[in-house]
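For reference, the structure discussed in these notes is given below.
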Amino acid sequence: MTQSRRALNVADLREAARRSLPRALFEFIDRGTEDEVALRENRLAFERIRLRPRVGVDVSIRSQAVSLFGREQAMPLAVAPTGIAPLAWFDGEVAVARAAAAAGIPFAIATASLTAMERLAAEAGGRLWFQLYAFTDARITVGLIERARAAGFEALIVTLDTPVFPNREYNLRNGFAVPVRMSPRLALDVLGHPGWLMSVLLRYRLRGGLPVSANLPEPYRRLIARDPDAVAASRSAALTWEDVRAIRDRWPGIFMVKGIMRSDDARRAVVCGADAIIVSNHGGRTLDSALAPIDALPGIADCVGDAATVLMDGGVRRGSDVVKALARGARAVLVGRAPLYGVAAGGQAGAAHALALLRREIDLCLALAGCPRAAEISAELLADCRRAVSCPEFSNRKQAGGDAWRTPRG
Ligand SMILES: Cc1cc2nc3c(=O)[nH]c(=O)nc-3n(C[C@H](O)[C@H](O)[C@H](O)COP(=O)(O)O)c2cc1C
3 MTQSRRALNV ADLREAARRS LPRALFEFID RGTEDEVALR ENRLAFERIR LRPRVGVDVS
63 IRSQAVSLFG REQAMPLAVA PTGIAPLAWF DGEVAVARAA AAAGIPFAIA TASLTAMERL
123 AAEAGGRLWF QLYAFTDARI TVGLIERARA AGFEALIVTL DTPVFPNREY NLRNGFAVPV
183 RMSPRLALDV LGHPGWLMSV LLRYRLRGGL PVSANLPEPY RRLIARDPDA VAASRSAALT
243 WEDVRAIRDR WPGIFMVKGI MRSDDARRAV VCGADAIIVS NHGGRTLDSA LAPIDALPGI
303 ADCVGDAATV LMDGGVRRGS DVVKALARGA RAVLVGRAPL YGVAAGGQAG AAHALALLRR
363 EIDLCLALAG CPRAAEISAE LLADCRRAVS CPEFSNRKQA GGDAWRTPRG
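Here my numbering is used: the first residue of the sequence shown is 3, the next is one more, and so on.
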């Protein structure tokens with residue numbers, strides 16, 4: 003049995019990933035920014051939410067299928083864009099995308115991904131979304147949109163929450179950057195993880211070198227190997243809602259805006275033509291003082307109503323987190339680190355295991371909460387729901403007076 007197969011939950015997969023990967027790479031995946039307040043809060047906010055289970059419901063048949071953009075999918079999940087899986091496992095991004103396709107859920111590839119979007123589209127199968135960062139040079143942005151369109155991606159996600167590069171101090175301490183530049187410190191770190199050295203680093207070396215951002219056009223692709231900072235600086239910090247609208251006008255497919263944490267921004271995104279809002283604080287990797295997306299979600303979902311699909315991500319590690327997000331108004335959630343831990347621990351099988359664990363936990367939660375269909379989850383399931391739960395049978399009998407509501411025993 004591989005490390006990943008033995009994992010009973012996402013936390014076990016995280017631990018397996020921690021052991022497998024060089025520390026610098028594990029921390030790049032796992033950590034947040036500055037004092038990691040947002041990272042912690044993403045979990046704490048989920049833990050604060052309590053469900054109010056319903057009993058006496060037939061839960062023998064359960065379904066976690068939800069409809070997303072007119073298509074039914076097997077689980078209320080999608081894989082969030084992270085782009086780093088090829089460093090966690092050889093060709094790891096194709097591996098995660100295949101695991102997502104097998105699980106019947108969408109997979110999002112990042113602008114900064116180390117796998118070319120055309121290759122992913124040709125080899126992964128399933129529902130594919132492309133995440134876009136806008137560049138100062140509009141020709142790059144337009145080029146990426148055109149390529150995603152030509153490669154047949156179903157949806158375009160514009161990420162708005164990272165106008166500048168965040169403060170990730172552990173990266174500076176570890177000397178880690180993408181593309182990877184070997185330093186004596188990093189070399190020692192890698193030597194301490196011989197499994198990763200042999201199965202990832204050496205295999206790339208034999209194929210010509212470690213992967214670089216495969217979606218950047220030339221000359222940026224070559225430049226990034228020499229000067230990653232110059233490429234990072236070429237991302238636009240001046241993006242406004244006008245640009246979002248212009249991007250939308252160029253994209254004929256499903257259009258999503260990621261990184262929304264306020265109702266007024268959600269409304270602006272809808273006005274700009276967004277089909278979906280992704281409530282997200284980038285997994286606690288950008289503004290360290292940001293609130294948790296699960297806490298931002300109810301207000302945004304209320305405000306958006308039926309005008310757009312509301313998705314969320316950040317801190318999802320248990321099936322019950324997914325159920326809580328649905329109860330707070332999300333149609334589905336995205337998971338970033340969970341499948342990354344899985345792929346680091348066991349390649350495609352590990353990523354599939356991460357999704358299967360979540361699937362099993364969602365199923366259990368639906369049964370134990372007395373809500374057999376994920377598509378029917380509502381705020382009524384939340385312990386702090388202020389809406390009175392109607393119980394017509396009880397009220398009618400109570401009005402009739404006395405003990406009339408009790409069913410007489412035979
Ligand atoms: C290693 C890593 C890299 C990421 N890179 C991107 C990115 O390039 N674009 C983007 O929109 N979000 C990126 N994200 C954020 C994810 O899409 C997602 O919002 C976040 O991981 C969700 O939180 P979770 O990891 O707790 O599930 C990244 C996240 C991680 C962990």
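Every residue gets a Cβ at the ideal spot worked out from N, C-alpha and C, and that includes glycine.
Taking buried to mean at least 16 other C-beta atoms within 10 Å of its own C-beta, is residue i buried or exposed?
| i | result |
| --- | --- |
| R50 | exposed |
| T117 | buried |
| R8 | exposed |
| D32 | buried |
| L174 | exposed |
| S322 | buried |
| D266 | exposed |
| L41 | buried |
| A18 | buried |
| A140 | exposed |
| M3 | Since pLDDT at M3 reaches only 45, below the 50 mark, its modelled position is unreliable, and no value is offered. |
| A101 | buried |
| V59 | exposed |
| P219 | exposed |
| V318 | buried |
| T113 | buried |
| G194 | exposed |
| F167 | exposed |
| D251 | exposed |
| V57 | exposed |
| M200 | exposed |
| A268 | buried |
| Y205 | Before going further, note that residue 205 is Arg rather than Tyr in the sequence given. The residue in question, R205, is exposed, as its Cβ has fewer than 16 Cβ neighbours within 10 Å. |
| R330 | buried |
| T2 | The requested residue 2 does not occur in the structure, where the chain is confined to residues 3 to 412. |
| R361 | buried |
Per the DSSP calculation, residue i is bridged to which residue(s)?
| i | result |
| --- | --- |
| D315 | L336 |
| R8 | Bridge partners of R8: none, in fact. |
| W131 | A110, A157 |
| A278 | M258, T311 |
| F137 | R237 |
| R375 | S65 |
| L384 | L53 |
Grab me the residues of residue i's own chain with a C-beta within less than 6 Å of its C-beta, minus the 5 sequence neighbours each way, in chain order.
| i | result |
| --- | --- |
| E120 | A153 |
| G352 | S6, G344, V345 |
| R16 | Y343 |
| G261 | T161, L162, D163, S282 |
| E36 | N169, D290 |
| A377 | V68 |
| G349 | W91, A97 |
Could you pull out every residue in the same chain whose Cβ sits closer than 8 Å to the Cβ of residue i, ignoring the five residues on either side in sequence?
| i | result |
| --- | --- |
| R223 | V214, S215, A216 |
| A103 | F109, A126, G127, G128, R129 |
| A123 | L130, A153, G154, F155 |
| R52 | L384, A385, D386 |
| G197 | S22 |
| G255 | R151, F155, E156, A157, L158 |
| K2 | Any property of residue 2 remains undetermined from this structure, which presents the chain solely from 3 to 412. |
Whose C-beta lies closer than 7 Å to the C-beta of residue i among residues of the same chain, with five residues either side of it excluded?
| i | result |
| --- | --- |
| P88 | G94, E95, L116, T117, P213 |
| R21 | none |
| L10 | none |
| S238 | A136, F137, T138 |
| G34 | A40, L41, G286, R287, D290 |
| A82 | A110, D315, L336, V337, G338 |
| D245 | A136 |
| A334 | V68, L70, P78, L79, A80, L313 |
| V306 | A268, V272, I279, V312 |
Could you name each continuous beta strand (DSSP E) segment of 3 residues or more that falls completely within the stretch 26 to 89, going from the start of the chain to the end?
Inside the stretch 26 to 89, DSSP marks whole beta strand (DSSP E) runs of 3 or more residues at positions 68 to 70, 73 to 75, 79 to 81, from first to last along the chain.
Would you call the stretch 81 to 98 and the stretch 334 to 348 touching, i.e. three or more CB-CB distances under 8 Å?
The stretch 81 to 98 makes contact with the stretch 334 to 348: 3 or more CB pairs, one atom from each, lie closer than 8 Å.
The stretch 61 to 81 contacting the stretch 200 to 218, beta-carbon criterion three pairs below 8 Å
As far as the Cβ criterion goes, the stretch 61 to 81 does not touch the stretch 200 to 218, which means the pair count is below three.
Do three or more CB pairs link the stretch 369 to 382 to the stretch 120 to 134 at distances below 8 Å?
Taking a cut-off of 8 Å on C-beta distances, the stretch 369 to 382 does not touch the stretch 120 to 134, as fewer than three cross pairs fall below it.
Any contact of the stretch 313 to 320 with the stretch 268 to 285, i.e. 3+ C-beta pairs under 8 Å?
Result yes; three or more Cβ-Cβ pairs closer than 8 Å.
Are three or more beta carbon pairs between the stretch 283 to 298 and the stretch 171 to 188 nearer than 8 Å?
Between the stretch 283 to 298 and the stretch 171 to 188 there are fewer than three inter-stretch CB-CB distances shorter than 8 Å, so the stretches are not counted as touching.
Pairs of beta-carbons, one from the stretch 142 to 149 and one from the stretch 256 to 274, closer than 8 Å: are there three or more?
Contact between the stretch 142 to 149 and the stretch 256 to 274 is absent: fewer than three C-beta pairs spanning the two stretches fall below 8 Å.
Which parts of the stretch 140 to 199 are runs of the alpha helix (DSSP H), unbroken and 4 residues or longer, counting only runs that do not cross its ends?
Those alpha helix (DSSP H) runs which fall completely within the stretch 140 to 199 and span 4+ residues are 140 to 152, 171 to 176, 186 to 193.
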